[in-house]
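Structure, as structure tokens:
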Amino acid sequence: MALVNHATKEINAKIVYYGPEKSGKATSLRYVHARIRPSLRSELKSIPASGSPLLFFDFTPFEHLVFGGYRIRFHLYTLQGSVANPAAWKMTLKGADGLVMVMDATPGRYQAALQSLTQLRDFLDNYGMGLDDIPAVLQLNKADLSGELVAEVAARGLGLKGCRVLTTNALTGAGVLETLSALSPLVMGRVGERDDLPRLRGAEAPSAESGIPADTAPERPADDAGAVDAGPRGGESAHHLAAAAPPGQAVGQVSVSQDGVRVEAGTVVIPLEVSSSQGIQRLTVTVMVAPAP
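Residue numbering for the sequence shown is 2 to 294, as defined by my numbering.
Below, the structure written as structure tokens:
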């Protein structure tokens, strides 16, 4: 469960990159860290955890306040390499608010993925949870080496039918940011259900940039800090949506629409759905991705 400091109005949500050895989870975490502006993230740190290196850092996914004036930080964790002591994963998963399940999509690694997911279910069971109780996405890494592997078929084979699936190449970074972008609204929606936080309202709803590493978003003018550019496929910006929402109308959930996040010629296209008691409103945001340094 996310930790909330009401004195400082800060929300701290934990996201764990979980997977078997050499699946690409540590490489993915390093790529995300490298793409975020240094002013919005901490240093990437590594400490021993029951014999395995624990990598972690935290960052602010957007610069403005959410949830009635609160600021949110995502804390990303993973274990690197072979994890000989299961207690290391059990400790790392404690209190997780979201999961990126990183699996190697190359031929011959299917059994390792199955075994890893079985262990994950056991770890969560220790905390009285199941995979259905925590926001999660499946990251199929090394997808370019998987031949005719179909993402949805792989998910069903792994017992993850209905889970959002994204294909990536962690070495090049292809799909890595999109994976985090797909999970972030799910985590935000879960955090927004807490009784000790102000309910999401139209004017306070997280912008469509939530979960996108900040350096991929274009700089905004100082006098337009609340605006978000709408995408070319229709929909409203979060700024316009907020203005149109009746006063006091609560937003129940912010999620990525079924169309899914996609990349088109260096631009990340993020279709979102904002649901409330008044129905569902849709918005599309495009984010220009800067070349890696």
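Glycine residues also receive a C-beta, built at the ideal position from the N, C-alpha and C atoms. Fair warning: this is a prediction, and the values are worked out from it, not measured in the lab.
CA-to-CA, the gap between Val17 and Leu115 works out to about 18 Å.
In the DSSP assignment, Arg165 forms a beta bridge with Val138. Counting along the chain, no alpha helix (DSSP H) covers Lys15; the unbroken beta strand (DSSP E) around it starts and ends at Glu11 to Tyr19. If only complete runs of 3 or more residues are kept, the region 49-122 shows the beta strand (DSSP E) at 53-60, 72-80 and 99-105, in order along the chain. Remark: C-beta atoms of Asp98 and Ala14 approach each other more closely than 9 Å. Take the alpha-carbon of Leu132 and the one of Asn86: they are about 22 Å apart. Excluding five sequence positions before and after Lys95, the CB atoms of its chain that fall closer than 8 Å to its own CB belong to Tyr128, given in chain order.
Under the three-pair Cβ rule at 8 Å, the region 152-164 does not count as touching the region 174-193. Arg42 sits in a strand when the DSSP states are folded into three classes.
For Val154, the enclosing alpha helix (DSSP H) has its first and last residue at Ala152 to Gly158. Assignment of Ser29 by DSSP, reduced to helix, strand and coil, places it in the helix class. Rounded to whole angstroms, the Cβ separation of Met102 and Tyr19 is 6 Å, and the two are in contact under 8 Å. Taking a cut-off of 8 Å for Cβ pairs, the region 166-183 and the region 133-143 touch, as three or more such pairs fall below it. In this structure, DSSP gives Ala144 a helical state, which the three-state scheme calls helix. For the 9 Å CB-CB criterion, Val192 and Ser29 do not form a contact.
Just so you know, the alpha carbons of Leu273 and Thr180 end up roughly 15 Å apart. A check of alpha carbon separations from Lys46 across Arg38, Ser83, Leu55 and Pro39 identifies Leu55 as the nearest.
Val188: member of the alpha helix (DSSP H) spanning Val177 to Val192, first to last residue.
For Asn170, the beta-bridge partners assigned by DSSP are Ala175.
Shortest Cα-Cα distance from Ala175 to any of Asn142, Gly109 and Val5 involves Asn142.
Assigned with DSSP and collapsed to three states, Leu198 falls in coil, not helix or strand.
Shown here for Pro21: same chain residues with a beta carbon closer than 8 Å to its own, the five before and five after excluded, namely Met104, Asp105, Arg110, Ala113, Ala114, Gln116 and Ser117 in chain order. Residues of the same chain with a CB within less than 6 Å of the CB of Ser51, apart from the 5 flanking positions on each side, are Asn86, Ala88 and Ala89 in chain order. Classified as buried, Pro62 has 16 or more neighbouring CB atoms from the shown chains inside 10 Å of its CB.
A residue is called buried when at least 16 other Cβ atoms come within 10 angstroms of its Cβ; Leu77 meets this threshold and is buried.
The Cβ atoms of Ala171 and Tyr32 sit closer than 9 Å to each other. Considering only Pro39, Val67, Pro108 and Asp123, the residue with the shortest C-alpha distance to Ser24 is Pro108.
A direct Cα-Cα distance of roughly 20 Å separates Leu121 from Ala3.
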